[in-house]
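Only one structure is covered here, and it is reproduced in the block below.
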Amino acid sequence: MASGLHAALALCVLCYSVRWNETTEFVTFNAGLTETDVPEYATRREAFLLKLSNNEIPGDVVCLQEIWKPDDVAAVVQAAKPNFPHSFSAMHAADGKFAPKPTSPACKAAKIYPMLHCITTQCLSDSGAEMDECISKNCKSVINEVPQDCLSCIADKQSTRAATDLAAIVERLQQCLTTSWHTTFGLLVLSKRPLFDPEVINFHYGTFVLVARGYIRAKRVSRVLDSPLPDRDYPLSDHYGVSVIIQRCACFLWWWPWSRC
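In terms of mature numbering (1 follows the signal peptide of the UniProt record, and there is no 0), the sequence shown is residues -20 to -1, 1 to 241.
And the structure:
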């Protein structure tokens, strides 16, 4: 497993800056840290954290996908910090530090009971893809009243490839009614240099979904120079910025174990 992980991470791309005659190495990797859809979650998690701690991850910027759990995001950032001191995810504040952990439970009964009532009265006779289609068609309005953190909490430990299991959802709901959650979008960027103006873009803004998807965008990455970048925004197509690169590597290729920009 370790050799496969190393090989996957070694597949990277060099992005060339015409202004400073430098190269910046980007690595993108699908960590696959989900307990339900990829086997050996605990083993893979520890192996990945060990490689980060041992400075065995190449690149100047590492774009990671499929890191869904808030605790896993925090663990990866901590393990990588000596070699990648800068990072950004949906859990980070604008200054690059972790935002305060939510203190309220992810779900409130008043919000989720209408959703459960709709599913049990209109879609319970269906299963699998038919149930998914029924829920999307008949229960969309009540689902949109449920906060995204609640839906993301419910999605944890639910397989995206297995048939919809209402009993498993109800069991998970009991936990989400008493514990907090932070939607991560499964994305994390690590960098050896500062990330400027990073942000998470939600693909489904204004609509709540069970598995939230999006991408991370940063305007530019600074180089180690005697003088800083001029204080202006660079076009997305300009070689001086990296927003397009981070957008493509960190987010659009989440279903693949490895990829190149």
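For each residue, glycine too, the CB sits at the ideal point set by N, CA and C.
Rounded distance between the beta-carbons of I134 and L153, thought under 8 Å: In the sequence shown, counting from the first residue as 1, residue 153 sits at position 173. In the sequence shown, counting from the first residue as 1, residue 134 sits at position 154. Yes, L153 and I134 are in contact; Cβ-Cβ is about 6 Å, under 8 Å.
Please state whether DSSP places V189 in a helix, a strand or coil. As a working mapping, residue 189 is identified with position 209 in the sequence shown. Reduced to three states, the DSSP call for V189 is coil.
Taking all protein chains shown into account, decide if P82 is buried (16 or more other Cβ within 10 angstroms of its Cβ) or exposed. For this step, residue 82 is matched to residue 102 along the sequence shown. By the 10 Å Cβ count, P82 comes out exposed.
Whole angstroms is fine: what's the gap from I123's alpha carbon to I92's? The residue labelled residue 123 in the question sits at position 143 within the sequence shown. The residue labelled residue 92 in the question sits at position 112 within the sequence shown. Distance between the alpha carbons of I123 and I92 is about 8 Å.
When the Cβ atoms of the region 158 to 178 are set against those of the region 63 to 70, are three or more pairs found closer than 8 Å? The region 158 to 178 is in contact with the region 63 to 70.
Compute the Euclidean distance between the alpha carbons of Q102 and E179, then round it to the nearest angstrom. Locating residue 102 in the sequence shown gives position 122, counting from the first residue. Locating residue 179 in the sequence shown gives position 199, counting from the first residue. Rounded to whole angstroms, the separation of the alpha carbons of E179 and Q102 is 38 Å.
Cβ neighbour criterion (16 or more within 10 Å) applied to E113: If you number the sequence shown from 1, residue 113 lands on position 133. Per the 10 Å Cβ criterion, exposed.
When we look at the beta-carbon of E46 and count the other beta-carbons within 10 Å, is it buried (16 or more) or exposed? For the purposes of this step, residue 46 is identified with residue 66 of the sequence shown, where counting begins at 1. Buried: at least 16 other Cβ atoms inside 10 Å.
By the DSSP assignment, the beta strand (DSSP E) with H66 in it spans what residues? Mapped onto the sequence shown, residue 66 falls at position 86. The continuous beta strand (DSSP E) containing H66 extends over residues H66 to F68.
If you draw a straight line from the C-alpha of G76 to the C-alpha of I196, how long is it? In the sequence shown, counting from the first residue as 1, residue 76 sits at position 96. In the sequence shown, counting from the first residue as 1, residue 196 sits at position 216. For the pair G76 and I196, the Cα-to-Cα distance works out to about 13 Å.
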